[in-house]
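*Asks:* Per the working numbering, residue 87 is the first one in the sequence shown, and the count goes up by one each step. What follows is a single structure, and I will ask about it in a moment.
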Amino acid sequence: MASVCVCDCHTHTHCSPDGADSASMMVQAAVRSGLYAVAITDHCECNLYRKEGYDEVIRRSYLETKKAAVSNYGKIRVLTGIELGQPLQDLSAAEDALGMGDLDFVLASVHNIRGREDFYFMDYQKENIGSLLNAYLDEMLEMVEWGQFDSLAHLTYPLRYIIGEAGIPVDFSIFDYKVDRILRRLAETGKALEVNTAGLRQKIGITSPSLHLVRRFHEYGGKYVTVGSDSHRWKDVGAGVLEGLQVIQQAGFTHYTIFENRKPTLIPLP
87 MASVCVCDCH THTHCSPDGA DSASMMVQAA VRSGLYAVAI TDHCECNLYR
137 KEGYDEVIRR SYLETKKAAV SNYGKIRVLT GIELGQPLQD LSAAEDALGM
187 GDLDFVLASV HNIRGREDFY FMDYQKENIG SLLNAYLDEM LEMVEWGQFD
237 SLAHLTYPLR YIIGEAGIPV DFSIFDYKVD RILRRLAETG KALEVNTAGL
287 RQKIGITSPS LHLVRRFHEY GGKYVTVGSD SHRWKDVGAG VLEGLQVIQQ
337 AGFTHYTIFE NRKPTLIPLP
């Protein structure tokens with residue numbers, strides 16, 4: 087993997103409520119790590135868009151990312167991005183966010199199902215986990231059908247907390263029929279699947295999704311796969327990305343993808 091151009095396409099700055107460091111610090115960390123490109127994809131939780139100031143978050147992030155790109159011109163490609171959370175819970179917010187500027191890259195995610203808090207905050211000893219995961223996957227499929235994004239972020243996000251933090255075993259294979267519908271529609275509509283490497287730094291210890299689901303995406307004809315650290319501080323920029331690229335290669339892909347001006351660029355794997 088040493089000869090491949092390495093890109094981190096999922097990072098958060100201090101503009102995100104859970105981020106720690108500036109865009110400048112994140113980009114400088116990417117430069118020091120020898121990355122080919124880095125995308126700043128701060129949170130935009132559409133269900134909380136104006137209530138919690140995400141409309142201002144993304145505009146501030148956009149301006150700081152553009153400034154960092156100018157400051158590091160010639161050293162690295164700096165991509166302006168956004169992580170659009172729960173877009174179908176407030177379509178007007180999603181549309182406003184997407185019209186904010188000349189974005190390079192749009193991730194889409196579901197951090198909480200309708201009417202519930204983020205999976206991060208739930209007490210899984212008191213929850214019907216099967217019902218939660220069914221509702222989550224239904225909303226994911228609905229979001230894929232909507233399709234106004236480039237890459238689907240961390241498909242197995244709830245497992246970070248159900249398995250990784252709460253230590254509750256889940257046989258995710260019982261949801262195969264729903265996961266397969268998501269993967270097929272991503273492939274059919276030419277959308278990318280993200281391999282998110284945050285789990286490698288967390289208790290769950292694997293990427294999201296894991297190898298067998300990335301392989302299924304390939305088998306269904308998926309063409310585009312992105313990789314991102316989901317870093318929220320400069321020290322984690324690029325973390326696990328090489329391992330994520332190995333997962334992509336083991337799944338059968340010969341290239342991975344970055345997006346510039348919302349258009350995919352295939353980058354060869356060695």
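Positions of the beta carbon are idealized from the N, C-alpha and C atoms, including for glycine.
Provide the residue span of the beta strand (DSSP E) that contains residue 342, from first to last.
*Replies:* Unbroken beta strand (DSSP E) run through residue 342: 341 to 346.
*Asks:* Suppose the cutoff is 6 Å on Cβ atoms and the five residues either side in sequence are ignored; what does the same chain contact list for residue 269 look like?
*Replies:* Cβ neighbours of residue 269 beyond the five flanking positions: 302, 303, 306.
*Asks:* To the nearest angstrom, how far is it from the Cα of residue 319 to the Cα of residue 257?
*Replies:* Approximately 32 Å, taken between the alpha carbons.
*Asks:* Would you list, in sequence order, the uninterrupted alpha helix (DSSP H) runs of no fewer than 4 residues that lie entirely inside the stretch 154 to 209?
*Replies:* 177 to 184, all fully within the stretch 154 to 209.
*Asks:* Provide the residue(s) that pair with residue 239 in DSSP beta bridges, ordered along the chain.
*Replies:* Bridge partners of residue 239: none, in fact.
*Asks:* Does the distance from the CB of residue 31 to the CB of residue 111 come in under 8 Å?
*Replies:* Since the displayed the chain opens at 87 and closes at 356, residue 31 lies outside it and no answer follows.
*Asks:* Could you check the C-alpha separation between residue 191 and residue 285 for me, to the nearest Å?
*Replies:* The alpha-carbon atoms of residue 191 and residue 285 are separated by roughly 22 Å.
*Asks:* Check whether the Cβ atoms of residue 67 and residue 342 lie closer than 8 Å to each other.
*Replies:* There is simply no residue 67 to check, as the chain begins at 87 and stops at 356 in what is shown.
*Asks:* Of all the options 185, 172, 149, 188, which has the alpha carbon lying nearest to the alpha carbon of residue 203?
*Replies:* With distances taken between Cα atoms, residue 203 lies closest to 172.
*Asks:* Residue 329 lies in the alpha helix (DSSP H); which residues open and close that run?
*Replies:* First-last of the alpha helix (DSSP H) with residue 329: 327 to 336.
*Asks:* Among 322, 356, 349, which one has its Cα closest to the Cα of residue 94?
*Replies:* Nearest of 322, 356, 349 to residue 94, Cα basis: 322.
*Asks:* Could you check which residue in 166, 330, 213 has the C-alpha nearest to that of residue 292?
*Replies:* Nearest C-alpha to residue 292: 330.
*Asks:* Is residue 135 buried or exposed, if buried means 16 or more other CB atoms sit within 10 Å of its CB?
*Replies:* With 16 or more other Cβ atoms within 10 Å, it is buried.
*Asks:* What are the boundary residues of the beta strand (DSSP E) that residue 129 is part of?
*Replies:* From DSSP, the beta strand (DSSP E) with residue 129 extends over 129 to 131.
*Asks:* Measuring CA to CA, which of 253, 246, 298, 176 is closest to residue 316?
*Replies:* Answer by Cα proximity: 246.
*Asks:* In its own chain, which residues sit with a C-beta less than 8 Å from the C-beta of residue 223, not counting the 5 before and 5 after it?
*Replies:* Closer than 8 Å at the Cβ level, and outside the excluded window around residue 223, lie 261, 264, 265, 268.
*Asks:* Give every residue of the same chain whose Cβ lies closer than 8 Å to the Cβ of residue 348, excluding the five residues on either side of it in the sequence, and list them in chain order.
*Replies:* Within the same chain, residue 348 has close Cβ partners 189, 190, 191, 192, 236.
*Asks:* Where does residue 252 sit, in a helix, a strand or coil, going by DSSP?
*Replies:* In the structure shown, residue 252 sits in coil (DSSP, three-state: anything other than H, G, I, E or B).
*Asks:* Taking DSSP's pairing of strands, which residues face residue 349 in a bridge?
*Replies:* According to DSSP, residue 349 bridges with 346.
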